[in-house]
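K.L.:
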Amino acid sequence: MGAAAVDPRLTPEPEPAASSMARRRLVFAALMATTFMVAIEINIVATAMPSIVPQLGGFDLYGWVFAGFLLPQAVTVPIYGKLADLYGRRSILLIGIVVFLAASLLCGLATTMPQLVAYRALQGIGAGAVLPVAHTVVGDIFTPEERARMQGYIATVWATSAVVGPALGAVIVAGLDWRWVFWINLPLGLVALAMLRAYYRESIARRRHRIDFAGAALLIVGGGAIMLALVQAAVYPAALLAGLVAVAGLCAGLLWRVERRVPEPILPPSLWRIPVVRTATLGTVLVGALAMGVVTYLPVHIQGALGRDAETVAIALALMALAWSACAGLGGRLSIRTSYRLVIGIGSVVLIAGAAFLTAVAASASVAAVVAGGMIVGMGLGFASSTYIVSVQTNVGWHVRGAATSTIHFARMFGSALGAALFGMVINLRLRGEGVTGGEIDALMDPGGPAQAAAREPLVAALGEALATVYLISSLLAVAALVVGLAMPRGLNPGTSLGSRRPREDRS
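Here it is, written out as structure tokens:
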């Protein structure tokens, strides 16, 4: 006899995984360290790649060093989330950290570009467990009122990694060897691993499990197909792209049927009956796509169109990250006093203002204006992104919180991939329409390169027009995010959410 269906919103929560404030703080410190370790990977590797390519060769595989990391991470996040719900957070989190560290060691030992791509894929498999399960543990060991503040700290880790990553990568390449951009993970990860083993405890009711292998396979194949189509949209022929999209669509349809029939689905259909989960998932996709567009092309704007150096780019991204971090913390505190809906609405309005401002100054020669626009966008991202996660965590029960949190992480990565493909396609088509080649933009990006003043003017004008289109589409995404955010139930905050029903004695 199968167990009766249980509404995930009514599932009672077990005792917190850490029983004392001191223990919880140590566990949280380890979670922040593991999050930083994974979050810094994209930025630090991006800085080192120009030094890696001359040694390993294979520039044609340059993009796959990043895609190889993101693809496995995206498709395994929901799987790990479900496994964490079934077998407990601790074991899955520790396995993820070990896989990530082993892959980091191998990346530093790579002697060819294909090897590096393969090891980066293994890194992504480990990262797929670390990020969502770490967020889920935060939801387990802290009260709803505390979660908003703690998720703000987690957002600060992401913002800090965005600032520290490029600078640290440059220092390592200049003073040590590029291999240390991977090996630097080892000491930090080992310390975090030891702390979690020593201080993180959880009590879960052991039961017989039936893993949804069919759902996992469909998710991997379908998710991999759509991500591959997005990443390779600029190089694959139309027929192949259409085939990948068709495979993804077929897998999505089959996944929906499978998940409704299996006893323990990876993506529980019951989650989609919760309005907060539906709203947060779609909103996260939109915000993730917008963020990717601005973060990716703001450096192109400053270094290419405005002719400034990489240091100016670093300052602009640092200020954007600081604005993001500050407003993430402010948004967490504001949601306690008001509602998730209001904070998300504020973030969306600020995003509209920032993207519209960047659209208006795309043809301007003012660095200060572009930097200011980036900071405004960073503020909006801070208000919106963390609030979506907290709103979901406090409105589902413990036994599905891992799957729900992982769904939001999957939505964020899917949105980022969608944004990268969309904006890359837009800017390439706009430049091609102006008769500008990629090689000319490469020269434009190098202030000391062959693009002389007379030749720069038409290139700068064309690039400015293309960037204006990118920012305009970002504005439209922000408007869509506002519409979605307004669908969030009114009056919902940490004090009125499901998670606030945990008995006080369990919060020690």
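If you use our numbering, the sequence shown corresponds to residues 12 to 519, in order.
C-beta atoms are modelled at their ideal positions from N, C-alpha and C, and glycine is treated no differently.
1) Report the residue from F421, E157 and V76 whose alpha carbon sits nearest the alpha carbon of M124.
2) Taking the alpha-carbon of I88 as reference, which of I136, L42 and G79 has the nearest alpha-carbon?
3) Looking only at its chain, what residues have a beta carbon closer than 6 Å to the beta carbon of G365, apart from the 5 residues adjacent to it on each side?
4) Check the C-beta distance from A138 over to L104 and give it rounded, since I have them as a contact under 8 Å.
5) Can you tell me whether F224 is buried or exposed, with buried defined as 16 or more other CB within 10 angstroms of its CB?
6) Exposed or buried, A257, counting other C-beta atoms within 10 Å across all chains shown (16 or more means buried)?
7) Using only the alpha-carbon positions, how far apart do A253 and F153 sit?
8) Taking the beta carbon of E468 as the centre, do at least 16 other beta carbons fall within 10 Å, making it buried, or is it exposed?
9) Compare the Cα-Cα distances from L261 to each of E275, A291 and L230 and report the closest residue.
10) Count the other CB atoms, across all protein chains shown, that sit within 10 Å of the CB of L497; report buried if there are 16 or more and exposed otherwise.
11) Using only CA atoms, which one of E445, L82, L470 and E275 lies nearest to Q314?
12) Give the single residue among G343, G107, T370 and W335 whose Cα lies nearest to the Cα of P83.
13) Taking three-plus beta-carbon pairs below 8 Å as touching, is the segment 188-195 in contact with the segment 41-60?
14) CB-CB under 7 Å to M161, same chain, minus the five flanking residues each way: which ones, in chain order?
15) Here's a check: name, in chain order, each residue in its chain whose Cβ is nearer than 8 Å to the Cβ of V381, leaving out the five neighbours to either side.
16) Taking 8 Å as the cut-off, does the segment 261-272 touch the segment 288-307 (at least 3 CB pairs, one atom from each stretch)?
17) Taking three-plus beta-carbon pairs below 8 Å as touching, is the segment 165-175 in contact with the segment 112-124?
18) For T349, does the count of other Cβ atoms within 10 angstroms reach 16, so buried, or fall short, so exposed?
19) Less than 8 Å between the CB atoms is what I'm expecting for T398 and S346, so what's the real figure, rounded?
20) Rounded to whole angstroms, what is the Cα-Cα separation between P19 and A422?
21) Please list the terminal residues of the continuous alpha helix (DSSP H) segment that includes R101.
22) For the putative contact between K93 and A379, defined by C-beta atoms under 8 Å, what is the C-beta separation to the nearest angstrom?
23) From the DSSP output, in three-state form, read off F525 for me.
24) Distance, Cα to Cα, L474 vs S486?
25) In terms of residue numbering, what span does the alpha helix (DSSP H) encompassing Q404 cover?
26) Within 10 Å of its beta-carbon, does M238 have 16 or more other beta-carbons around it, so buried, or fewer, so exposed?
27) Rounded C-beta distance between L297 and A33? I'm assuming under 8 Å.
28) Going along the chain, which residues of its own chain have a beta-carbon closer than 6 Å to the beta-carbon of G356, five neighbours each way excluded?
29) Are there 16 or more other CB atoms within 10 angstroms of the CB of S336, so buried, or fewer, so exposed?
30) Should V411 and I484 be called a contact, given that it needs their Cβ atoms to be closer than 8 Å?
31) Consult DSSP for I277 and reduce its assignment to one of helix, strand or coil.
32) Give the straight-line distance between the Cα atoms of A339 and A250, rounded to the nearest whole angstrom.
33) Please name the residue, chosen from L442, P276 and A44, that lies closest to V199 on a Cα-to-Cα basis.
34) Measure the C-alpha to C-alpha separation of L67 and L187 and round it to an integer number of angstroms.
35) Whole angstroms is fine: what's the gap from A41's alpha carbon to G343's?
P.N.:
In short:
1) The candidate whose alpha carbon is nearest that of M124 is V76.
2) First, the residue type needs correcting, since residue 88 is Val and not Ile in the sequence shown. Minimum Cα distance to V88 is reached at I136.
3) The residues are G384, I387, V388 and G391.
4) Their Cβ separation, rounded to whole angstroms, is 12 Å, which puts A138 and L104 out of contact at 8 Å.
5) Classification of F224: exposed, given that the 10 Å Cβ count is below 16.
6) With fewer than 16 other Cβ atoms inside 10 Å of its own Cβ, A257 counts as exposed.
7) Rounded to whole angstroms, the separation of the alpha carbons of F153 and A253 is 45 Å.
8) So E468 counts as exposed.
9) Closest option to L261, Cα to Cα, is L230.
10) Exposed.
11) Of E445, L82, L470 and E275, the residue nearest in Cα terms is L470.
12) P83 has its Cα closest to that of G107, out of G343, G107, T370 and W335.
13) As far as the Cβ criterion goes, the segment 188-195 touches the segment 41-60, which means the pair count is three or higher.
14) Closer than 7 Å at the Cβ level, and outside the excluded window around M161, lie F39, V149 and F153.
15) Correct list, in chain order: L309, H312, I313, L317, A327, L369, V372 and S375.
16) No, because fewer than three Cβ pairs between the segment 288-307 and the segment 261-272 fall closer than 8 Å, the two stretches do not touch.
17) The segment 165-175 vs the segment 112-124: no contact.
18) With fewer than 16 other Cβ atoms within 10 Å, it is exposed.
19) The beta-carbon distance between T398 and S346, rounded to whole angstroms, is 6 Å. This is short enough to meet the 8 Å contact definition.
20) With a pLDDT of 44 at P19, under the threshold of 50, the modelled position of this residue cannot be trusted; read the value that follows with caution. If I take the Cα positions, the gap works out to 20 Å.
21) Element bounds for R101: R100 to L120.
22) That pair is no contact at about 48 Å.
23) With the chain covering 12 to 519 only, the question about residue 525 has no answer from this structure.
24) For L474 and S486, the distance between alpha carbons rounds to 18 Å.
25) Residues V378 to Q404.
26) Around the C-beta of M238, 16 or more other C-beta atoms lie within 10 Å, and the residue is accordingly described as buried.
27) With 8 Å as the limit, L297 and A33 do not qualify as a contact, their Cβ atoms being about 40 Å apart.
28) Hits under 6 Å: G496.
29) When all chains shown are included, S336 counts as buried.
30) Taking 8 Å as the Cβ cut-off, V411 and I484 do not qualify as a contacting pair.
31) Look at I277 here: in three-state DSSP terms it is coil, with no helix or strand label.
32) Answer to the nearest angstrom: the Cα atoms are 43 Å apart.
33) What sits at residue 199 in the sequence shown is Leu, not Val. Looking at the Cα atoms, A44 is the closest of the given residues.
34) Cα to Cα, the separation comes out at about 17 Å.
35) Answer to the nearest angstrom: the Cα atoms are 21 Å apart.
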